[in-house]
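Here this note's numbering is used: the first residue of the sequence shown is 41, the next is one more, and so on. Below you'll find the structure, written out as structure tokens, and then a few comments.
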Amino acid sequence: MKKVTVIGGGLAGCEAAYQLSRRGIRVELYDSKPIKKSPAHHSDLLCEIVCSNSFKAKRVNSAAGLLKEEMRTLGSLLLQCADRCAVPAGGALAVDRELFSQLVTDAIRSDPNITVIEEELTSLPEDGVTIVATGPLTHDALAADIARRYGQSLRFFDAAAPIVAAESIDMEYAFYESRYGKGGGEDYLNCPMNKEEYEAFYEALISAERAPVHEFDVMNPKVYEGCMPIEVMAQRGVDTVRFGPMKPVGLRDPRTGHRPWAVLQLRKENADGTMYNLVGFQTNLKFGEQKRVFSMIPALRHAEFLRYGVMHRNTFIDSPRILNSDYSDKENKNRFFAGQLTGVEGYMESASSGLLCGINAARLLNGEPTMTLPATTMMGAMSRYISDPFVTDFQPMGANFGILPELEHRPRDKAERGQAYADRALGDLKKFIEDNNLL
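Put into structure tokens, the structure is as follows:
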């Protein structure tokens, strides 16, 4: 019987193991618990949820809801378990976390094709087909082995700036230009501020509420200096940020004909230009505070934040340099990576990558070509984003409509627009499943 080694008993690893089993593949699932746990883990069960018990929105016309509907269509184990232990949470799918882990554990341990091995692997297997799904708190020895194999492509800290939807930027207050005219004319989108606007923004920034930092999130001081939160930098003085990431030198505001007092630069986050990154704005502010404070920048007054900035321990690889869009290693097609280690952000995002890894590893063993879902689907768009060579400063990304191709006919109403994305995605997914005999 054909066999795959899956490393990691979290959401991605368990979903991958299940998808392999239902395709007749034997699985050896390695998990270090209960022998060794990360500082965030406490339960001996598989698929432990360490943060919120919410899997985000249920409605299919939301990005998170569409992702889950695609996973249901493809036969996700985790969503079957989540639906069985759902608790009231308004429009969100939230679960009884202990019951959820128990249901997944029971399903995995009772599966005759899956053997759970309670052992810490300190290096990647050299032979056979492997799925690496060890998560954002990968133990040090294995993390060191991954770093050794892939050079400096392993990040030990997630210091990410927010990303906004291109369509939500107020172009009346923004202009394209590179400093001193260097580079492409549309390399950067500049968001200027006058002295009064900047000083109000600065006061809000230094007084904004920050997210708590866990003990195991504390960084090495040298690393911390290299990815300093914008709010910490601002504490050094009113002009520190204005002489740093918001320096206006080499730029001229076409509205005034003069150099602005301060400038936030935005850089394209994807090749289609539907998302923009706030350059130099790594932050540890609470999400609501990020929305409030950064929206004080005139060009961002109506901004839709597709991803908020975060700063915490989050081991992930530089996937655009390492992975194909089927989650396989570019240099070793027998090795797949899944979950947050690949730079997908979120519970169901992690599980969805494990689902696709399981399908593709099975196809590989059966002599079939691996596959990538259509770009119009949320799962397909995510796998393309984490493998997009255009993305140079790679940071984790969750499900959002900004990574999908534009609609041919785009409704103005947000709910109708979300429904149009969902209708297109699910229609394309259904046809893809039929054409490729996936179920």
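Virtual Cβ for every residue (Gly too), placed ideally from N, Cα, C.
Using a C-beta cut-off of 8 Å, the segment 376–386 makes contact with the segment 418–431, since at least three inter-stretch Cβ pairs fall below that distance.
Just so you know, the alpha carbons of residue 230 and residue 306 end up roughly 6 Å apart. With respect to the C-alpha of residue 445, the residue from 438, 433 and 416 having the closest C-alpha is 416.
For residue 382, no beta strand (DSSP E) run applies, since DSSP gives it neither H nor E. In this structure, the straight-line span from the alpha carbon of residue 66 to that of residue 479 is close to 18 Å.
The C-alpha of residue 311 lies about 26 Å from the C-alpha of residue 471.
In this structure, the straight-line span from the alpha carbon of residue 316 to that of residue 388 is close to 24 Å.
Sequence-distant Cβ neighbours of residue 154 in its own chain, meaning closer than 7 Å and more than five residues away, are 57, 61, 67, 69 and 148. In the displayed model, residue 359 falls within a helix according to three-state DSSP.
Closest in C-alpha terms to residue 294, from the list 142, 215 and 356, comes 215. Looking from the CA of residue 159, the closest CA among 412, 179 and 75 belongs to 75. Pairing residue 243 with residue 399, the inter-Cα distance amounts to about 51 Å. In the DSSP assignment, residue 425 falls outside any beta strand (DSSP E) and within the unbroken alpha helix (DSSP H) covering 418–425. Boundaries of the beta strand (DSSP E) harbouring residue 157: 154–158, taken from the DSSP string. Pairing residue 200 with residue 350 gives a Cβ-Cβ distance under 8 Å. In chain order, 134, 135 and 137 place their CB closer than 6 Å to the CB of residue 93, counting only its own chain and leaving out the 5 sequence neighbours on each side. Of the candidates 113, 130, 151 and 88, the residue whose Cα lies closest to the Cα of residue 177 is 88.
Taking a contact to require three or more Cβ pairs closer than 8 Å, the segment 92–106 and the segment 369–377 do not qualify as touching. Per DSSP, the continuous beta strand (DSSP E) segment holding residue 95 begins and ends at 94–97. Residue 348 places its beta carbon less than 8 Å from that of residue 327.
With respect to the C-alpha of residue 392, the residue from 476, 107 and 237 having the closest C-alpha is 107. For the 8 Å CB-CB criterion, residue 103 and residue 324 do not form a contact. Residue 405 carries a helical assignment under DSSP once its states are collapsed to helix, strand and coil. For residue 71, the enclosing beta strand (DSSP E) stretches over residues 66–71. Residue 332 sits in a helix when the DSSP states are folded into three classes. A check of alpha carbon separations from residue 359 across 401, 319, 430 and 163 identifies 430 as the nearest. For residue 231, the three-state secondary structure derived from DSSP is strand. In the structure shown, the three-state DSSP call for residue 123 is helix. For the options 129, 237 and 461, the alpha carbon positioned closest to that of residue 337 is the one of 237. Excluding residues up to 5 positions away in sequence, 345 lie with their Cβ nearer than 7 Å to the Cβ of residue 331 in the same chain. Burial check for residue 73: the Cβ neighbour count within 10 Å reaches 16 or more, so the residue is buried. For residue 59, the enclosing alpha helix (DSSP H) starts and ends at 51–61.
A direct Cα-Cα distance of roughly 19 Å separates residue 284 from residue 227. When DSSP reads this structure, residue 293 sits in a beta bridge with 298. The Cβ neighbour count for residue 288, taken over all protein chains shown within 10 Å, is at least 16; the residue is labelled buried.
Within the same chain, and ignoring the five residues on either side of residue 190 in sequence, the residues whose Cβ sits closer than 7 Å to its Cβ are 357 and 362.
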